[in-house]
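Below you'll find the structure, written out as structure tokens, and then a few comments.
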Amino acid sequence: MCLHSLVIRLKRFLIVILFKCQVSDFPHASVNDLRNINMAVCVSLIGKENAPKYITCLDYEKELDFHYKIHTSLDIIEEKLNSSVKTVNDTRELYLGLLYATEEHKIFGYVTNTKIKIVIIIDANHSSLRDNEIRAMFRNLHAAYADVVCNPFYIPGEPINSKKFNSIVEGMMLSKKI
Amino acid sequence: MRSAVSVILSSPLPDPNMSHPDYEQSYHHHSALLILVKHLGEELPQKNFLKLFDRINKINNIKIVDSLGVNRNIWARYIKDYPVGNNDWGDFQTHRRLLGLITIGKCKTQIELNEICRIHESLKVKYTTTLYDSRCIILGINDGPNTPTFVPPSFFKSRGLFYATDGEESANLEDTISEFLSSIFWVLESKRHERSREKIERVSLLLAPFEKKDFVGLDMESRSNRKRSLGRMTKHLGDLCLQAGLHCDALNHYHSAVEILRSINDWLWLGSACEGLGAATMCVRYPNAGKSLSVQRNSSLQEGSHMKTRNTSTKNTLGMEILEPSSLPALPPPTNVLSNEEILKAYRESIVHYSKYQNAGVIETEASFKAARIAVELNMILHAANFLQNIVFINLVIPEEQKIQRLMTLSDLYTKMGFMRKASFYQRLAASRYVSARNPQTDWDQCYSLMIQSLTGHRLTLDPADYPMNGENGWGRLQKQVLQDVVVAARRVGHSSLATRHMTLLLQVMWSELTHAERHEAALQLKGIAAQCEGSPVPLVLESGLVIPPANLIHIPTAESFVVHKLRQHLQPMKMEKVKEDYGPFLFTPLNFGSMERKSGSTKDSKLSYLWVAEEECEVKVELTNPLPFELEVSNMRLLTNGVVFETLPLTVTLPPDAVKYPVTLAGTPKEVGELEISGYSTHTLGVKSNCRLKNLPKIHQSQFVIEVVPALPLLEAKILIGPENEKTSSVISLYAGERTVYDLVLQNVGRGPVEVVEIIVDSGLDSNMITCDITPLKDHLPLAEDEQVRLPVTFFAVANFVSSFPPDAGSMRSSLFSGTNSFPSLSSSFRPGMYDHLTTPTPSFRSGPSSLNSLSSQFNKLNIDNSTKGIECRIKVRYSAKPGLDAGYCRVASVLLHIDITNSILISNWDVLPAETSSQFYMVLDVVNMTNQEVEVKYTANKCILIEEGESCRVPIPVDRCPLSKVGKYFQGEDSIKDIVDLNLACSDHIASLVEVDWELGGRKGKASLKGITLSSHMLDIVRMSPISWDVHINGEEASGAPMMVGIGECIQIQIVARNSLPWPLKDISLSVQFFQDYQNNTYNFNLDTRLAMAGPSHLHLPIVLEHGSADYCFNVVFFIPGQYKMNVQCVSQGKNTWKLVPPVEFDVHDA
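Protein chains in written order, with full-length UniProt numbering: chain A, 1 to 178; chain B, 1 to 1153.
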């Protein structure tokens, strides 16, 4: 029994490594770039079944508010996923762009090929933010998530509780505090 | 989309004129004639009015051929109420003008008629600026003879339609309405013509209501204002054309209006023109699509498969795309028709322009809704979402009620789009608005019902069965909040049973999401709510028809394990006749033979292998964990069962705070026979009754247990009474080896009903003779009635091995017996006359002889090792049964477990055999050791006793009949094989054991020591077994008796010896010999008698064969010379192996003649 699960985990490990190789092929924004563009107020990772795997935000008093925002943004993500026509040999664009905007926040989405959704809420005042920078943030998150899944002790589908992942996410949100 | 410009451009004062947004508006309303249908008077019931309204509403489309022969498709929109403020925007968008008025009333009297007419006229005045025509439908008068006839008052200047009832008599209502519509159309058409013929220079400036004061004092003749007037008029014409069914004309007008208005930056009207353009395009492209499609969309809602239905409806829409513009078939297809994206772009532009004016908020809102609806119909969901997203930012000063309406409309539209989360979000928002502090009339009922509706969007349902056992199901953090809010709402509604139910649901399904503190808090909250109304596991039916399924507190307390227990050993039913189960040739096999077997095995997985008995209390053990940090009282815990009737015993238990795996026993009594399914247990805790089904319990992996209940069985109690008076119950019996005692086995019927069948099985392990039970008294007592008892004597016999396990040490025995004897005769001639004299009475020579003592004590020391109490476990099983269990083939077993301690009594430490005086007997000489710590009296023959001191040993001779030839004769034939020797030994040993028993008595307790297991050496065997040769000795022709022959000196005595073969086969190689000797009675024999006697004839005779039952004759004479006592030994040797002697030797008493 135990052995069996270990084998499964090892298999997964290999698959994820392969996948990571693909991810790393993306034009990567360097970490230094990221330092300058950190203005996410909330970062969340949502599982295949639309249940949150990871969610963190700057302002804990507004946590529930952010939850609602991300939750309702799932509607739009799903719509975007449904409407986008997949070509046979072409990979789908993972970045979904701006999902919607409120007066205070802008909400951006990203969906991996395994239907893991990443949603970032950006303070709307950061009008200087370029699309490119947001993509970079998503790509970094994606890579960080891949690292989490690589851990053979992480069971897919469970909430993420990884220091490394936390530090990456905090890095994205930190600069606002400073 | 909304920019900060709105704040700059709009005046801070809100315009009260347009304060009633119509959220239901759609683009096709732009092309419809607006008609108010008003209910007048009290006489007509609301229901009838609605029926009439529906009838009128069906006449919403007429086809009219105009003066040019063109078919016009005219649509009407009926409404029941219309604020004048909205009517004022009629110049801005003509579809907002109220063109027709229909009033419906019923009257019986003239006064009522007058009143209706008066109201009708006053309504006409109210909308006088826009109204083209009106009808007044009055029921109950002026229609035929059955109705009274009244004359309408003089001020009534409208057309009255009189019907007796709203039923059959009003059959021509539809025609009348059509006629009414066409009359309005023609007025509209004439107005349109009027407008279109106006000279460009003379057109007046059309104004939105709030613009009026802006243009006071401005030069209307300026170039820009002229263009403004023209642009607005063109747009106005477009509106009129659209309403009049000339969609393509309208399109052209809008196009030019957009151009003109854009050039002079008249944003408000540009917005309106853009909107008109979009609406007109939609009308051109989908002339008939409007209504039918929206209906279809609605119907798809209920199924929940929005995506699918939406896609199919999209196909419909696309299919209709190339529909020819029906209104103007003569014209070529318009080239200026917008594409889907362009339509939405036009709407977006119009919304942006509207947003620049705060007073146009309502217009903007409506436009957004219209745009969203169009986007939905065009299947451009993301656009629709964008439009809807914009709506919430429009700041409208409207009553709470309308704000709620707005939220609800948003929610509806989101639902149509399949955005369930958004829809639920707005539903919740609307719900909170119902009870917000700003709302003067809080309405918790509405709030609650909306809360309930919003559950689906959060992947919540009210039925706990819909939740997966494990795994993620939606957004826990939000679900918690949502459910918590539902609880609050239910509480405020005043429906505390609902609140209890929802709180229970929260605790059931959100358990894993709740933190420890939240669980605690929620539990306390539940306790508080449930104090008002107890929760019970039955569906709740609300007045609205909503059924709320039961929820159960399956986690409070948490069941850690659930074990269905066997009945206790003595209550378990057994099969009377055990069917031998075929396990195949293997003790264990992983293979399943036969696929059928495997299948049945897997399905009956939950069936337990053991049985319960009807009418017998049965138990289930549950381990409970209290997850809460306070004492939890769980009352009325019962088992939940299906199948046969089961009477459960309620249990109340108080779990200490944070108790883990607190054991609890749930009991009950099956009342019927058959299969009992145990599916869970019920609890009553925190004021909530719950049914905790095993399948819902996360820690219990079996969904149910099935156990067979067999018919009721009686109950017997069995015990052994011991002690001198048989009065003491005990399971320990101590006996001396060889002791025999009788105790009573008491069987008492302690159950219900008589016991009909009793069977006693004794399982004493080693020796079946140890316990014997006399069941004869039982027969008289059966059936054994309730509370009766029967006593059965049980004999206990302490079976033990009395013979020392060391091999018999004949040498030491012999040396002790004949200590000091050097000239011991050889075995072949072993002859110890007078031996018995010493043996019959113990002589000091061997009782106290130092050598014998030494040897004995040395043996004794060895024996002491074995002098320990031997414990034997045995069991008396009483199988019993009675109806009805007996009929089903079941019984019960009452077993008495006994521990029998056997203490050594006496022991035979050594033994030997000696020939006796007669040929038919021999002496068994035993060394009996007293192993007890008391004096033992040993009785070794019928009348001979001896007392042996504690730890002492004693030697006793016992005369024993020799082993007859019938038992051992066959071994004479060939004694070569080892087996024969062993068998012979055994046969002789058994012979001795059967004859010899040493009785002992010890302080009133008696017993027997058997010689079983005694072993014999070959020389002993010769003595033990009967000689096959029988002798006949004749002296002087007379048969020799045992007494000594009186013979004189010199007398010639003739001795004839006949040796008879008593075996059934011949003996070969026989030699007979005779020897005379003198016995000095002191163990000294003198064989050298040559000088004392003379023999005539051979002293030896050799015969090759003696036939079976044949005889050998041997004759000689003898003469004694000296007086004295002589003895004659006669022996026969067969094949040099076996030697048989004449016993006792013949004696001669020789005296002087």
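For every residue, glycine included, the Cβ atom is placed at its ideal position computed from N, Cα and C.
Beta strand (DSSP E) segment containing residue i, residue limits
{"i": "N930(B)", "result": "921-930"}
{"i": "I104(B)", "result": "98-106"}
{"i": "M1045(B)", "result": "1045-1048"}
{"i": "W75(B)", "result": "71-79"}
{"i": "T941(B)", "result": "936-941"}
{"i": "I872(B)", "result": "870-881"}
{"i": "N1138(B)", "result": "1138-1141"}
Residue i to residue j span [Cα, whole Å]
{"i": "residue 1156(B)", "j": "N172(B)", "result": "The shown model of chain B, from 1 to 1153, leaves out residue 1156(B), and the question about it has no answer."}
{"i": "residue 1180(B)", "j": "T415(B)", "result": "The question about residue 1180(B) has no answer, for chain B in this structure spans 1 to 1153."}
{"i": "Q1081(B)", "j": "T918(B)", "result": "19 Å"}
{"i": "E950(B)", "j": "I872(B)", "result": "25 Å"}
{"i": "T841(B)", "j": "A1094(B)", "result": "Per-residue confidence for T841(B) stands at a pLDDT of 36, beneath the threshold of 50, marking its modelled position as unreliable; the derived number appears in the next sentence. Their backbone Cα atoms lie some 39 Å apart in a straight line."}
{"i": "residue 187(A)", "j": "T558(B)", "result": "Not covered by the structure: residue 187(A). The range shown for chain A is 1 to 178."}
{"i": "R491(B)", "j": "T665(B)", "result": "36 Å"}
{"i": "G1097(B)", "j": "W1140(B)", "result": "21 Å"}
{"i": "S909(B)", "j": "A1112(B)", "result": "43 Å"}
{"i": "R35(A)", "j": "G171(A)", "result": "Low local confidence applies: a pLDDT of 44 at R35(A) is under 50, so the model's placement there is unreliable, with the coordinate-based value given in what follows. The alpha-carbon atoms of R35(A) and G171(A) are separated by roughly 7 Å."}
{"i": "L139(B)", "j": "A360(B)", "result": "42 Å"}
{"i": "H1109(B)", "j": "M1026(B)", "result": "15 Å"}
{"i": "Q1135(B)", "j": "R962(B)", "result": "23 Å"}
{"i": "N98(A)", "j": "G109(A)", "result": "Position check: residue 98(A) holds Leu in this sequence, whereas Asn was assumed. Rounded to whole angstroms, L98(A) to G109(A) spans 7 Å at the Cα level."}
{"i": "T281(B)", "j": "L460(B)", "result": "42 Å"}
{"i": "V622(B)", "j": "K661(B)", "result": "8 Å"}
{"i": "V1074(B)", "j": "D990(B)", "result": "34 Å"}
{"i": "Y60(A)", "j": "V493(B)", "result": "32 Å"}
{"i": "I119(B)", "j": "T130(B)", "result": "18 Å"}
Where residue i meets chain C, residues with beta-carbon distance less than 8 Å
{"i": "M420(B)", "result": "Reference to chain C is not applicable here, since the protein chains of this structure are A and B."}
Beta-carbon contacts of residue i that lie in its chain and below 7 Å, excluding the five residues immediately before and after
{"i": "V111(A)", "result": "I77, L81, L94, L96, K117"}
{"i": "K883(B)", "result": "E756"}
{"i": "V258(B)", "result": "L270, A273, C274, L277"}
{"i": "H29(B)", "result": "R77, H95"}
Beta-ladder partner(s) of residue i, from DSSP
{"i": "F1120(B)", "result": "L1093(B)"}
{"i": "S536(B)", "result": "According to DSSP, which records beta bridges pairwise, S536(B) is partnered with nothing at all."}
{"i": "S690(B)", "result": "T683(B)"}
{"i": "I120(A)", "result": "V43(A), F108(A)"}
{"i": "M451(B)", "result": "M451(B) is not bridged to any residue."}
Extent of the continuous alpha helix (DSSP H) to which residue i belongs
{"i": "V284(B)", "result": "267-285"}
{"i": "K403(B)", "result": "400-417"}
{"i": "V362(B)", "result": "361-377"}
Contacts around residue i, its chain only, beta-carbon distance under 8 Å, and the 5 residues preceding and following it disregarded
{"i": "N854(B)", "result": "Here N854(B) scores only 38 on pLDDT, less than 50, and its place in the model should not be relied on; the value that follows carries that caveat. Cβ within range, chain order: n/a, list empty."}
{"i": "A101(A)", "result": "I107, A124"}
{"i": "P783(B)", "result": "P754, V755, E756, A882"}
Spatial neighbours of residue i in its chain, beta-carbon cut-off 6 Å, leaving aside the 5 residues before and after
{"i": "R428(B)", "result": "S454"}
{"i": "D91(B)", "result": "L206"}
{"i": "N225(B)", "result": "none"}
{"i": "R791(B)", "result": "D744, V746"}
Quiz item: Quick check: the stretch 38-49 of chain B against the stretch 83-91 of chain B, are there 3 or more CB pairs under 8 Å?
Solution: no
Self-check item: Given 8 Å, three or more beta-carbon pairs between the stretch 1049-1063 of chain B and the stretch 1117-1128 of chain B
Solution: yes
Quiz prompt | Contact the stretch 555-574 of chain B vs the stretch 685-701 of chain B: 3+ CB pairs below 8 Å | solution = yes
Quiz item: Should the stretch 430-446 of chain B be called in touch with the stretch 390-401 of chain B, which here means at least 3 C-beta pairs below 8 Å?
Solution: yes
Exercise. Please confirm if the stretch 882-900 of chain B is in contact with the stretch 711-721 of chain B, defined as three or more CB-CB distances below 8 Å between the two stretches.
Key: yes
Quiz item: Does the pairing of the stretch 527-534 of chain B with the stretch 625-635 of chain B give three or more beta-carbon distances under 8 Å?
Solution: no
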